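K.L.:
Basically this note's numbering = 1-based index in the sequence shown + 2. Glycine is no exception: its CB is placed at the ideal position from the N, C-alpha and C atoms. If you're wondering where the values come from, they're calculated on a predicted model, not measured in any experiment.
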Amino acid sequence: GFQVIPGSSEKLLLFFQGGGACFNDVSSREADSAPCLSHLVLQPLFGIFNREKVSNPFRDYTIVHVNYCSGDLHVGNVLRWYLDRQLQRVEQRGYVNALAAVKWARKNVGQLSSLVVAGSSTGALGAQLWMETILQTFSYQAAALLMDSDMAILPSRTEGPLLKGFGACDTGLFETDAKQKCAAGELTIQAVLEQTMARHKEVTMAAISSLQDRMQVRFYNAVCMAEMLPADLTPYDFERKLMTRLEEYNRYPNF
């Protein structure tokens, strides 16, 4: 589902909710330590969602909050072979849910003076993966991407299989070259974002991240454990990888 906080029809904030990711039978069955949400959590009206706070730059925006309980970075469209804790086959339909939110927004807003796409935690990954499609969907004067607390710092050679496993390759989110890489299990979120940054130099891309983000470290190591890799990333290792990623993005003038 998605939540709508009504506001100006000329200003739109599309926000992708976070909540981890589940990508195999082990991660989907862990009762107490599953790395993803499996139930809907409504967004409380605080922070950028607070209409009463005068200093909130989004207080008059129409906000479409894309809720998240599919564990697939908002790009999944797949029926898994394995079962969840209720012994039902796992379905991940985050793409279908996000598409419904985007279609609703397109139908209910007009020419935009400001379009902002944002996400927190794994929702930031969804925002990165959806950005190109959203930019092509709406008519806007100015646009921006805000990534909060997830820069896709993941173990080497795991992103491609994750995206392919989610069924993201055939959703239409990726164009020919990226779709082929996705089908081969080689596509990375960084490559998707860099293509968007290079193509849309007029769109501001910004990131918020702690230098030693323990949640991102925990998720990195959870992916390692699920993939039978050494789970030994420390906060200091993460900081080094994060700085390298930011330096790579700094090559683009709109970042």
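When you compare the CB positions of VAL104 and THR139, do they come within less than 9 Å of one another, or not?
P.N.:
Yes. Within cutoff.
K.L.:
Is the beta carbon of ALA170 sitting closer than 9 Å to the one on GLY78?
P.N.:
It is a contact, given that the beta carbons lie within the stated cut-off.
K.L.:
Which value, in whole angstroms, describes the spacing of the CA atoms of GLY187 and VAL56?
P.N.:
So the two alpha carbons sit approximately 46 Å from each other.
K.L.:
For the ligand ZN, is there a heavy atom less than 8 Å away from the beta-carbon of ILE50?
P.N.:
As far as ligands go, the structure on display features none, and thus does not contain the ligand ZN.
K.L.:
By the DSSP assignment, the beta strand (DSSP E) with GLU12 in it spans what residues?
P.N.:
Per DSSP, GLU12 belongs to the beta strand (DSSP E) from 10-18.
K.L.:
Any idea if MET245 is buried or exposed, counting beta-carbon neighbours within 10 angstroms, 16 or more meaning buried?
P.N.:
Classification for MET245: exposed.
K.L.:
Between which two residues does the alpha helix (DSSP H) harbouring GLU93 extend?
P.N.:
No alpha helix (DSSP H) contains GLU93, which is instead part of the beta strand (DSSP E) from 91-94.
K.L.:
According to the neighbour-count rule (16 or more other Cβ atoms, all chains shown, within 10 Å of its Cβ), is TRP106 buried or exposed?
P.N.:
Burial call: exposed.
K.L.:
Is the Cβ-Cβ distance between TYR63 and SER116 less than 9 Å?
P.N.:
In contact: TYR63 and SER116 (Cβ atoms closer than 9 Å).
K.L.:
Expressed to the nearest angstrom, what Euclidean distance is found between the alpha-carbon atoms of LEU231 and ASN223?
P.N.:
Taking the straight line from one Cα to the other gives about 9 Å.
K.L.:
Within 10 angstroms of the Cβ of ALA33, are there 16 or more other Cβ atoms? Answer buried if so, exposed if not.
P.N.:
The predicted model places ALA33 with a pLDDT of 48, which falls under 50 and marks its position as unreliable; any figure quoted below should be read in that light. Exposed, since its Cβ has fewer than 16 Cβ neighbours within 10 Å.
K.L.:
Beta-carbon within less than 6 Å of GLY9's beta-carbon, same chain only, minus the 5 sequence neighbours each way: which residues are those?
P.N.:
These residues qualify, in order along the chain: ASP62, TYR63 and THR64.
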